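Start counting the sequence shown at 638; every next residue gets the next number (the working numbering).
Using N, Cα and C, we set each Cβ at its ideal position, and we do this for glycine too.
Remember, predicted model here, so these are calculated numbers, not experimental data.
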Amino acid sequence: MASIWERLKRLFGKKLRSLFRRSLEFPVSFPTTGWEILPADKKLEEEQMPRYLEDTCYCHFIMGDILLSRYQIVGKLGWGTTSVVWLVRDLERNDYMALKVFALDVLGSEESAYYDRIEQGNQQHLGSDRVRTKIGELKIPRNDGWKHLGLLQTPLGESLLDIQNRSADERLDKPTIKSTIYQMLLALDYLHTECKFIHGDIKGDNIFQEIGDKTRLERYVQAEIENPTPRKIVVRHPVYRSRPLEPASQLGKLQLGDFGSAEPGDVPRNGQPLQPNFYRAPEVMLKKEWNYPVDI
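Right, here's the structure in full:
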């Protein structure tokens, strides 16, 4: 006679396995083998930055590391010219967070200060929840005594650029464009009128979709366990290929993030460069006085 477990497996199959698969226990143990080793002669992600090999550059982690006895590294979400973003599990709060870790020679404290302004703004403003916030910050120690600044934030999903790249003909449809414009105007009105600063770098990869369903994060970690991220070793340190979160089924709420190029709005600028060339406002290109309108 078949056991109860065998009968349940026949009745519910994949659904039952999926239910048990999501019941992760933390801290998680990650595989020590079984990943694809990427070619040594092809630079990967942050390794492409000119100063990557310098000691003053990026902070290196191994999947599964626990920072400050509290935050476990469970995935690499993305990277930029000055930072790498990791998914971490807060072992005290039993929740997921994004951890943006700055290179050692970058003044991430300036970006952190703009997040403080956002937090102090009028939270009744309609655009206050269309702007990314920070939960807190960490100082991550190194063996040489220096420390990297890390910003803890709520994890977000795909960027608008990601959505565009997987769309037909790499174009956004009209409802998506209308929704994005409306939400970003709310965000900018909040930044300009309540927080008194200019974003300075509005583009598709700085506009993010909220996650909503947090089971996507559980599935993300489970995927990292079952199919470890491809990687390579550079001067004793692993460099991981970023693993994006699974796409949402439809466009939801958006948030404007990344304030690394932000500028105070209460001081007019004259000739100071701002924004990527492709998105540069006319007054910036002409080296004329500029202020809040450059974001529009």
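- Taking all protein chains in view, the Cβ of Gln-761 is surrounded by fewer than 16 other Cβ atoms within 10 Å, so the residue is classified as exposed.
- In this structure, Phe-834 places its C-beta atom within 9 Å of the C-beta atom of Phe-896.
- For Val-876, the three-state secondary structure derived from DSSP is strand.
- Three or more Cβ pairs drawn from the region 774-786 and the region 737-753 lie within less than 8 Å of each other, which places the two stretches in contact.
- Rounded to whole angstroms, Leu-825 and Ala-918 show a C-alpha spacing of 16 Å.
- Here DSSP, grouped into helix, strand and coil, assigns Ser-706 to coil.
- Residue pairing by DSSP places Leu-893 opposite Val-768, Ile-844 in a beta bridge.
- Taking C-beta atoms under 8 Å as the contact rule, Tyr-857 and Leu-882 qualify, at a distance of about 6 Å.
- Separation of the CB atoms of Ser-796 and Ile-848 is rounded to 13 Å, and the pair is thereby denied contact status at 8 Å.
- The continuous alpha helix (DSSP H) containing Met-821 extends over residues 811-826.
- In the DSSP annotation of this structure, the continuous segment of the beta strand (DSSP E) that includes Met-734 starts and ends at 732-739.
- Annotation for Gly-758: Ser-765, Tyr-827, Glu-831, Cys-832 place their beta carbon closer than 7 Å to its own, counting only its chain and skipping 5 residues before and after.
- In the DSSP annotation of this structure, the continuous segment of the beta strand (DSSP E) that includes Asp-727 starts and ends at 720-727.
- If you check the CB distance, Thr-791 and Ala-750 do not come in under 9 Å.
- For Leu-797, the enclosing alpha helix (DSSP H) begins and ends at 797-802.
- In the DSSP assignment, the residues bridged to Lys-776 are Leu-786.
- In this structure, the beta-carbon distance from Leu-704 to Val-876 does not fall below 9 Å.
- The alpha-carbon of Asn-928 is positioned some 11 Å away from that of His-836.
- C-alpha of Pro-884 to C-alpha of Asp-702: approximately 27 Å in a straight line.
- Taking every protein chain shown into account, the CB of Phe-663 has fewer than 16 other CB atoms within 10 angstroms, so this residue is exposed.
- If you ignore the 5 residues before and after Tyr-695, its C-beta comes within less than 7 Å of the C-beta of Glu-683, Tyr-689, Val-721, Ala-740, all in its own chain and listed in chain order.
- By DSSP's assignment, Arg-868 forms a beta bridge with Ile-674, Tyr-877.
- Per DSSP, the unbroken alpha helix (DSSP H) holding Glu-861 starts and ends at 852-863.
- Between Leu-661 and Ile-800, the CB-CB gap reaches or exceeds 9 Å.
- Between the beta-carbon of Val-711 and that of Val-665 there is about 6 Å, and that keeps the pair under the 8 Å contact cut.
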